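Enquirer:
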Amino acid sequence: MSAPLSKIRNDLGKINILIVGKLGVGKITLINAMFGKELAINAPEKPIEYTHENYPVSIIDTKGIEFNNYLKTINDIENYVKHCQSSNDVHSHIHAAWVCIAEGCSRVEIDVKEVIEKLSKYMIAKNSPMVKAVIRVQTLSVQLDDGYVIKPKNLEELAKLTNEYLPEDLINAAENKNVPIKAFRSDLGKVNIIVTGKLGAGKSTLINAMFGKELAKTGWGEFTQEIKEYSCGEYPVSLIDTKGIYIDFRNDINDIENYVRHCQSSNDVHSHIHAAWVCIEEMTSHVGRDIKEVIEMLSKYMSVIVVITKRSIDQGLQKIVQRECPMVKAVIRVMALSVQLDDGYVVKPKNLEELAKLTNEYLPEDLINVAENKKAPIQQDDEKDDDYFQEDEEVSDDYFKKEDEKVRDIIKQAKTKISSAKEDDNFIISGINMISKILNVFDLEIEKEFIIKISIAIFGDTETKFKKLIMFITGINIELTIEQKKKL
Ligand SMILES: Nc1nc2c(ncn2[C@@H]2O[C@H](COP(=O)(O)OP(=O)(O)OP(=O)(O)O)[C@@H](O)[C@H]2O)c(=O)[nH]1
Ligand SMILES: [Mg+2]
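When we follow the working numbering, the leftmost residue of the sequence shown carries the number -17, and every step to the right adds one.
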């Protein structure tokens, strides 16, 4: 006869179940009953894993919790779980926990509550109570005085119940499921997207849905408090969750801007933020001042895509955003969660993969250039550059001697940003060098308007490229408005 554990899904690879409970609650008996074999004998001091050749399931027994020392025991269990969950291999994670409580207990004691709370941090999905399910089991056959035999009960049911709560990433990995995050370009190295929007707009839910995994906490009462970067396994994409914009919105936007500015100031293009998603709920009837300001701010640094979240019925918000926020590159309506309506109809997630594909279209040129340069380094260009620096060396003017290493660095970085060895590239580099020297030597304030004017005067229609390069000097992304262009 097959053991109750045979009812655990066997199509997912190895599944690991942790078993915890007070000392003497019956963990060992349960383990043996589930395996249908006397595997466990002694109560362990440290977590111990039991396996069976016929079933791809491990049950990990833990030290029994004693009231007088429960914090230490629970802490040890938590450290063990933390260690397991930190593995990149989903089959090394703990996938579910069985917390055993003896039927005779009239209440859930503080030590059991504590362990449930601790474990839930590592094995729980959003919007659910900490305990997913409660089941009463009878592990042993017991003969009563009158000869009546109480048979084991609900052991197979425990296995089946556990199947329902196995983590999505385990299932995704087994089914090689196409999580939306896979639709991002994977040939550019690390891509970073910042996700912003009003409080409760669905930012964290969107991040989880993209990865197909509950990474960020979501839901009312789970307000995101700080900027946090999420990435998962082999996908070269980080989604950066932010605190929801609320009453003190200017302050919130300021915090986001400081973070963005810090990232964009890095010399490594893979540390920059490459696009922003601004989430607005579908229910919203207009674009508020706060959202307009965050869009405006982010547009200085990167392409902004507005994500209309909690997609339900199209009431024209997409058009309103396009009209009121011309800086926005694209607007897309998404549904991050699957929702069952009252009549049983299930609304499935929508447009998540499309959001990733859309974002691919607006990734910055410098990121793409760096990736493409790596593929085909241009030799002759390096030689030309050396000549160029030598020429520089010969300049004996006192002013130019004062030029510091920073300018050289700027030029070097600028060169790596240029995708191909077009004729005008050296010309642009020379131009940057010239301007930076002038600014440096005369200690001039670097003013946006001034640089725009000079760049257009010198470089004419190569201005877009120049704008990017000039970011290295100024740390600002110069976006010309149509009016500015006309003026010039
Ligand atoms: N039906 C539905 N509900 C959603 C969707 N996205 C988010 N929600 C719900 O909206 C609520 C808030 O979602 P969160 O993802 O926590 O929102 P957030 O923007 O991260 O919130 P803060 O971090 O507090 O700013 C949760 O109850 C979600 O379940 C969606 O696509 N459909
Ligand atoms: Mg959040």
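We treat Cβ as the ideally placed atom computed from N, Cα and C, and that holds for glycine. A quick note: this is a predicted structure, and the numbers were derived from the prediction, not measured.
CA-CA distance, Thr291 and Lys95?
Expert: Here residue 291 refers to the residue found at position 309 of the sequence shown. Here residue 95 refers to the residue found at position 113 of the sequence shown. Computed Cα separation, rounded: 35 Å.
Enquirer: Hey, Asp43 and Ala22 are a contact pair by Cβ (cut 8 Å); roughly how many whole angstroms apart?
Expert: Along the sequence shown, one-based indexing puts residue 43 at 61. Along the sequence shown, one-based indexing puts residue 22 at 40. Yes, Asp43 and Ala22 are in contact; Cβ-Cβ is about 6 Å, under 8 Å.
Enquirer: Is the beta carbon of Gly179 less than 9 Å from the beta carbon of Trp202?
Expert: Locating residue 179 in the sequence shown gives position 197, counting from the first residue. Locating residue 202 in the sequence shown gives position 220, counting from the first residue. Going by C-beta atoms, Gly179 is not nearer than 9 Å to Trp202.
Enquirer: Does DSSP put Ile222 in a helix, a strand or coil?
Expert: Stepping through the sequence shown from its first residue, residue 222 is reached at position 240. Three-state result, Ile222: strand.
Enquirer: Bridge partners of Val90, per DSSP?
Expert: Mapped onto the sequence shown, residue 90 falls at position 108. For Val90, which the question treats as bridged, DSSP gives no partner whatsoever.
Enquirer: Could you tell me if the beta carbon of Thr206 falls within a distance shorter than 8 Å of some heavy atom in ligand 2?
Expert: Stepping through the sequence shown from its first residue, residue 206 is reached at position 224. True, at least one ligand heavy atom lies under 8 Å from that Cβ.
Enquirer: Is any heavy atom in ligand 2 found nearer than 8 Å to the beta carbon of Gly270?
Expert: Position 288 of the sequence shown, counted from the start, is the residue given in the question as residue 270. Because no heavy atom of ligand 2 lies under 8 Å away, the Cβ of Gly270 does not count as near it: no.
Enquirer: May I ask you to report which of helix, strand or coil DSSP gives Gln246?
Expert: By 1-based counting over the sequence shown, the position of residue 246 is 264. It is helical.
Enquirer: So, Ala257 versus Pro134, is the Cβ gap smaller than 9 Å?
Expert: What you label residue 257 is simply residue 275 of the sequence shown in a count that begins at 1. What you label residue 134 is simply residue 152 of the sequence shown in a count that begins at 1. Contact flag unset, no.
Enquirer: Using a 10 Å radius around the Cβ and a threshold of 16 neighbouring Cβ atoms, would you call Trp80 buried or exposed?
Expert: For the purposes of this step, residue 80 is taken as the residue at position 98 of the sequence shown. When all chains shown are included, Trp80 counts as buried.
Enquirer: For the segment -8 to 11 and the segment 81 to 90, state whether three or more C-beta atom pairs, one from each stretch, are separated by less than 8 Å.
Expert: The segment -8 to 11 vs the segment 81 to 90: in contact.
Enquirer: Using only the heavy atoms of ligand 1, determine whether one of them is closer than 8 Å to the beta carbon of Cys261.
Expert: Translated into positions along the sequence shown, residue 261 becomes position 279. Indeed, a heavy atom of ligand 1 lies less than 8 Å from the Cβ.
Enquirer: Can you tell me which of the three DSSP states Glu211 falls into?
Expert: Mapped onto the sequence shown, residue 211 falls at position 229. In this structure, Glu211 counts as strand in the three-state DSSP scheme.
Enquirer: Looking at the secondary structure, which residues open and close the alpha helix (DSSP H) in which Ala338 lies?
Expert: As a working mapping, residue 338 is identified with position 356 in the sequence shown. It spans Leu334 to Glu343 - the alpha helix (DSSP H) in which Ala338 sits, taken as one unbroken run.
Enquirer: If I'm right that Lys195 touches Glu150 with Cβ under 8 Å, what's the distance once you round it to whole angstroms?
Expert: In the sequence shown, the residue the question calls residue 195 occupies position 213. In the sequence shown, the residue the question calls residue 150 occupies position 168. That pair is a contact at about 6 Å.
Enquirer: Please state whether the Cβ-Cβ distance between Ala155 and Leu0 is less than 9 Å.
Expert: Here the question's residue 155 lines up with position 173 in the sequence shown. Here the question's residue 0 lines up with position 18 in the sequence shown. Cβ distance not < 9 Å, so Ala155 and Leu0 don't count as in contact.
Enquirer: Nearer than 8 Å: is that true of the beta carbon of Lys195 relative to any heavy atom of ligand 1?
Expert: As a first step, residue 195 must be located in the sequence shown, where it is residue number 213. Outside the cutoff, so no.
Enquirer: Just confirm the distance between the C-beta atoms of Tyr147 and Ala115, as a whole number of angstroms; I'd bet it's less than 8 Å.
Expert: Working through the sequence shown from its first residue, we reach residue 147 at position 165. Working through the sequence shown from its first residue, we reach residue 115 at position 133. Between Ala115 and Tyr147 the Cβ distance is about 7 Å, and since that is below 8 Å, they are a contact.
Enquirer: For Gln207, does the count of other Cβ atoms within 10 angstroms reach 16, so buried, or fall short, so exposed?
Expert: Counting from 1 along the sequence shown, the entry for residue 207 is found at position 225. So Gln207 ends up on the exposed side.
Enquirer: Return the CA-CA distance between Leu53 and Asp93, expressed in angstroms with no decimal places.
Expert: Position 71 of the sequence shown, counted from the start, is the residue given in the question as residue 53. Position 111 of the sequence shown, counted from the start, is the residue given in the question as residue 93. Cα to Cα, the separation comes out at about 8 Å.
Enquirer: By the DSSP assignment, the beta strand (DSSP E) with Cys66 in it spans what residues?
Expert: For this step, residue 66 is matched to residue 84 along the sequence shown. Where Cys66 is concerned, there is no enclosing beta strand (DSSP E), although the alpha helix (DSSP H) it sits in stretches over Tyr52 to Gln67.
Enquirer: In whole angstroms, what separates the C-alpha of Ile117 from that of Lys142?
Expert: In the sequence shown, residue 117 corresponds to position 135, counting from 1. In the sequence shown, residue 142 corresponds to position 160, counting from 1. Their backbone Cα atoms lie some 11 Å apart in a straight line.
Enquirer: Which residues bound the alpha helix (DSSP H) around Thr266?
Expert: The residue labelled residue 266 in the question sits at position 284 within the sequence shown. Careful: Thr266 lies outside any alpha helix (DSSP H) and carries neither H nor E.
Enquirer: For Val321, which three-state DSSP category applies?
Expert: The residue labelled residue 321 in the question sits at position 339 within the sequence shown. Looking at Val321 - three-state DSSP - the assignment turns out to be strand.
Enquirer: Got a sec, what are the start and stop residues for the alpha helix (DSSP H) Thr291 sits in?
Expert: The residue labelled residue 291 in the question sits at position 309 within the sequence shown. First-last for Thr291: Ser285 to Thr291, but that is the beta strand (DSSP E), not the alpha helix (DSSP H).
Enquirer: Is it the case that the Cβ atoms of Phe49 and Glu99 are separated by a distance below 9 Å?
Expert: In the sequence shown, counting from the first residue as 1, residue 49 sits at position 67. In the sequence shown, counting from the first residue as 1, residue 99 sits at position 117. Against a cut-off of 9 Å, the Cβ pair of Glu99 and Phe49 comes out as no contact.
Enquirer: May I ask which residues mark the beginning and end of the alpha helix (DSSP H) holding Val313?
Expert: The sequence position of residue 313 within the sequence shown is 331, counting from 1. Counting along the chain, Val313 falls outside any alpha helix (DSSP H), though it belongs to the beta strand (DSSP E) covering Ala312 to Arg315.
Enquirer: Among the candidates His77, Gly171 and Cys87, whose CA atom is the shortest distance from the CA of Asn145?
Expert: What you label residue 145 is simply residue 163 of the sequence shown in a count that begins at 1. When only C-alpha atoms are compared, the closest one is His77.
Enquirer: Taking CB distances under 9 Å as the criterion, tell me whether Lys301 reaches chain B.
Expert: Reference to chain B is not applicable here, since this structure consists of a single protein chain.
Enquirer: I'd like the list of long-range same chain contacts for Pro162, defined as Cβ closer than 6 Å, with 5 residues on each side in sequence excluded.
Expert: The count along the sequence shown starts at 1 and reaches residue 162 at position 180. Excluding residues within five positions, the ones whose Cβ falls inside 6 Å are Met192, Leu334, Glu335 and Ala338.
Enquirer: Would the C-beta of Lys(-11) count as close to ligand 1, meaning under 8 Å from any of its heavy atoms?
Expert: Counting from 1 along the sequence shown, the entry for residue -11 is found at position 7. No.
Enquirer: Could you check the C-alpha separation between Ser253 and Glu263 for me, to the nearest Å?
Expert: The sequence position of residue 253 within the sequence shown is 271, counting from 1. The sequence position of residue 263 within the sequence shown is 281, counting from 1. Cα-Cα distance, rounded: 29 Å.
Enquirer: Confirm the yes/no value for this check: CB of Ala198, any heavy atom of ligand 2, distance under 8 Å.
Expert: For the purposes of this step, residue 198 is taken as the residue at position 216 of the sequence shown. For ligand 2, at least one heavy atom lies less than 8 Å from the Cβ of Ala198.
Enquirer: Are there any heavy atoms of ligand 2 lying less than 8 Å away from the beta-carbon of Asp223, as far as the coordinates show?
Expert: Translated into positions along the sequence shown, residue 223 becomes position 241. For ligand 2, at least one heavy atom lies less than 8 Å from the Cβ of Asp223.
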